[in-house]
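Encoded as structure tokens, the structure appears first; notes follow it.
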Ligand SMILES: Nc1ncnc2c1ncn2[C@@H]1O[C@H](COP(=O)(O)OP(=O)(O)OP(=O)(O)O)[C@@H](O)[C@H]1O
Ligand SMILES: [Mg+2]
């Protein structure tokens, strides 16, 4: 099966079992360049497993995943991690910042790991922090900032390499609704202005409202949901 025309990432017939548990049972997915897709569904339905497969972190038992015309499931681990480093960005629920580093060092880290000189990496990091309105926290450590501020720092770090695709798993799950909305607004604005596509896993309809399209996962199967508004 070929990927839908024009899609950046597409998956077909994904199956993944963990012992007796079927986490994915023929899941389908596609996203276009620059599109923001929300992945919704009840707890345990397979959302995170789907995201991990799409990002090449978990290998499905069967099915295909094409990124930019290349099959992910048959790539070597080295090829997949190179792809993750250069093309993908990640934001998770919490615990993703390195506590020993300052916020600006955290944001600059992916560039430093790619060999960018410190000064240049920190300059780029600060520019992203400004867009996420956390540049004033540059010299603080993650333990000294609020949950919402920390998530905005994490979003800056995910975007600093100019990824084409951002994976976000419950990025506002640990925040109150006001902070959560602000993070979503900044995340989607920043991603859209950088023309990065976003796979956004969330429980909350309010968060999904920031997407262009919604996909619902139930019992490891996924389907497109017609937007009601
Ligand atoms: N590493 C693992 N080992 C064993 N079982 C797993 C593993 N990861 C997921 N599962 C199981 O697979 C199913 C789908 O899990 P998944 O984490 O994808 O759900 P989810 O939709 O992200 O749930 P939540 O909304 O609670 O985060 C669940 O039954 C879960 O217990
Ligand atoms: Mg999950």
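In UniProt numbering, the protein residues as written are 1 to 229. For glycine and all other residues, C-beta sits at the position ideal for the given N, C-alpha and C. Since this is a predicted model, take the numbers as computed values, not measurements.
| Check | Outcome |
| --- | --- |
| Please state if the CB of residue 164 and the CB of residue 87 are separated by a distance shorter than 8 Å. | yes |
| Run through DSSP, which three-state label would residue 12 get? | strand |
| Kindly provide the ranges of any alpha helix (DSSP H) runs that are 4 or more residues long and lie completely inside the stretch 106-187, ordered along the chain. | 118-131, 147-159 |
| Collect the residues with a C-beta less than 5 Å away from any heavy atom of ligand 1 and give them in sequence order along the chain. | 18, 21, 23, 43, 44, 45, 46, 47, 48, 49 |
| Helix, strand or coil for residue 207, going by three-state DSSP, please let me know. | helix |
| Have a look at residue 209 and residue 81 and give me their C-alpha separation to the nearest angstrom. | 31 Å |
| Determine the direct distance from the alpha carbon of residue 121 to that of residue 113, and round the result to whole angstroms. | 10 Å |
| Please classify residue 157: is it buried, with 16 or more other beta-carbons within 10 angstroms of its beta-carbon, or exposed? | buried |
| Taking one C-beta from the stretch 194-201 and one from the stretch 163-181 each time, how about it: are there three or more such pairs within less than 8 Å? | yes |
| Can you confirm whether the stretch 10-26 touches the stretch 51-67 when touching is taken to mean that 3 or more C-beta pairs between the two stretches lie within less than 8 Å? | yes |
| Please classify residue 142 as buried or exposed, where buried requires at least 16 other C-beta atoms within 10 Å of its C-beta. | buried |
| Would you mind working out which of 160, 154, 149 sits nearest residue 178, comparing C-alpha positions? | 149 |
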